[in-house]
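As numbered in the working numbering, residues 18 to 264 make up the sequence shown, in order. Note that the Cβ used here is the ideal one computed from N, Cα and C, for glycine as well.
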Amino acid sequence: MKNEMNHSDRSLWTLCEELKKHRFVELSYPLSPESPHWSGFSPMIDETLFTYADGFFVNKFQLVSQYGTHVDAPIHFVENQRALDKIGAEEMILPLCVIDVSDKVARDVDYAATVQDILSWEATNGPIPKASFVALRTDWCKREDKDNRDAEGNKHYPGWSLDAIKYLVEKRNVTAIGHESSDTDPPVVSSQVGYVGETYILDQGRYQIELMRNLYELPAVGALIVCGFPMVVGGAGFTARCFAICP
18 MKNEMNHSDR SLWTLCEELK KHRFVELSYP LSPESPHWSG FSPMIDETLF
68 TYADGFFVNK FQLVSQYGTH VDAPIHFVEN QRALDKIGAE EMILPLCVID
118 VSDKVARDVD YAATVQDILS WEATNGPIPK ASFVALRTDW CKREDKDNRD
168 AEGNKHYPGW SLDAIKYLVE KRNVTAIGHE SSDTDPPVVS SQVGYVGETY
218 ILDQGRYQIE LMRNLYELPA VGALIVCGFP MVVGGAGFTA RCFAICP
């Protein structure tokens with residue numbers, strides 16, 4: 018049978034060499050027992066299972082699926098929605114838009130990004146493209162204390178408003194969103210009405226990345242994001258390795 022494959026097409030090899038000329042920015046925290054994580058979860062346990070005395074070195078890790086920088090699959094909040102093994106590889110390399118509200122967060126740590134923030138961004142940068150990844154820059158990654166509890170023990174950190182997420186899904190049809198905090202919704206919102214933003218984005222079949230970092234190193238437009246995570250059957254989420262390739 019004649020082989021119809023084109024063995025002379027090296028265009029992707031050329032693209033790979035071109036990408037290496039650009040700037041790569043790490044968007045994930047190193048994975049260890051010290052990694053930032055949601056306060057309701059225990060730190061990761063790193064156990065040495067085999068040593069070089071056994072002929073090879075092997076770790077045994079124990080950690081929750083939503084640990085450190087991580088992906089939330091739609092099934093994380095919504096029964097019968099997509100799990101990790103149903104997220105296609107083509108959804109893991111996306112155009113990256115970065116919306117910067119760090120100046121507003123500096124004045125109000127409970128700030129929730131609004132539709133107006135998105136419209137202002139689009140007035141400068143153009144419409145957010147379909148099937149893109151939109152990251153919310155708050156500079157929260159620069160803070161040592163990610164929970165920022167008050168005297169009564171209540172958390173205070175920024176996030177998205179429900180209306181902003183609805184705009185991204187219903188008007189721009191984005192594939193995924195991301196943020197630097199450990200929750201989509203600011204605690205001042207979720208403590209009153211629940212995780213409305215997170216429930217909505219996951220119920221729409223989109224995924225999200227939480228506890229991102231280094232968004233301040235990225236341009237507003239033009240970069241690509243690559244999100245890597247295991248294809249866990251029925252998985253609600255997993256620690257993720259994400260990075261940006263910048264112009």
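Taking buried to mean at least 16 other C-beta atoms within 10 Å of its own C-beta, is residue i buried or exposed?
| i | result |
| --- | --- |
| L66 | exposed |
| M109 | buried |
| H87 | buried |
| L29 | exposed |
| F255 | buried |
| H54 | buried |
| L36 | exposed |
| Q209 | exposed |
| R223 | buried |
| E227 | buried |
| S178 | buried |
| G170 | exposed |
| G211 | exposed |
| P57 | It should be noted that the sequence gives Gly, not Pro, for residue 57. G57 is exposed by the Cβ-count criterion. |
| M18 | A caution first: M18 carries a pLDDT of 49, below 50, which makes its placement in the model too unreliable to give a value. |
| G176 | buried |
| L32 | exposed |
| L136 | exposed |
| A130 | buried |
Check the C-beta distance from residue i over to residue j and give it rounded, since I have them as a contact under 8 angstroms.
| i | j | result |
| --- | --- | --- |
| K172 | P146 | Contact doesn't hold; Cβ gap of about 33 angstroms is too wide. |
| M61 | Q79 | 7 angstroms |
| H93 | A253 | 4 angstroms |
| L48 | G85 | 5 angstroms |
What does a CB cutoff of less than 7 angstroms around residue i pick up in its chain, not counting 5 residues either side in sequence?
| i | result |
| --- | --- |
| F260 | F41, V42, E43, L44 and V243 |
| F74 | F67 and T68 |
| A90 | R99, A100, L101, I104, Y224, G252, A253 and G254 |
| V126 | N165, H173, Y174 and P175 |
Which same chain residues, not among the five before or five after residue i, have their C-beta less than 6 angstroms away from its C-beta?
| i | result |
| --- | --- |
| C158 | E197 and R230 |
| D220 | V95 |
| P264 | G239 |
| L185 | V151 and V191 |
| V132 | D180, A181 and Y184 |
Tell me which residues share the same chain as residue i and place their Cβ nearer than 8 angstroms to its Cβ, disregarding the 5 neighbours each side in the sequence.
| i | result |
| --- | --- |
| E51 | P60 |
Decide if the stretch 188-206 is in contact with the stretch 133-153; the criterion is three or more beta carbon pairs, one per stretch, under 8 angstroms apart.
Cβ pair count under 8 angstroms is three or more, so yes.
Pairing CB atoms from the stretch 159-174 with CB atoms from the stretch 211-227, are three or more of them under 8 angstroms?
No, because fewer than three Cβ pairs between the stretch 159-174 and the stretch 211-227 fall closer than 8 angstroms, the two stretches do not touch.
Between the stretch 112-129 and the stretch 245-252, do at least 3 Cβ pairs fall closer than 8 angstroms?
Verdict: no, contact absent.
Sequence ranges, beta strand (DSSP E) only - wholly within the stretch 46-134, length at least 3:
Note on the stretch 46-134: whole beta strand (DSSP E) runs with a minimum of 3 residues are 62-67, 75-79, 87-89 and 110-117, in chain order.
For the structure I just gave you, are there three or more beta carbon pairs, one from the stretch 133-146 and one from the stretch 224-244, closer than 8 angstroms?
Because the criterion of three Cβ pairs below 8 angstroms is met, the stretch 133-146 and the stretch 224-244 touch.
Can you check the stretch 160-200 for any beta strand (DSSP E) of at least 3 residues that lies completely inside it and give the ranges in chain order?
Runs found: 193-196.
3 or more residues per run - each beta strand (DSSP E) lying fully within the stretch 201-241:
The qualifying runs are 224-227.
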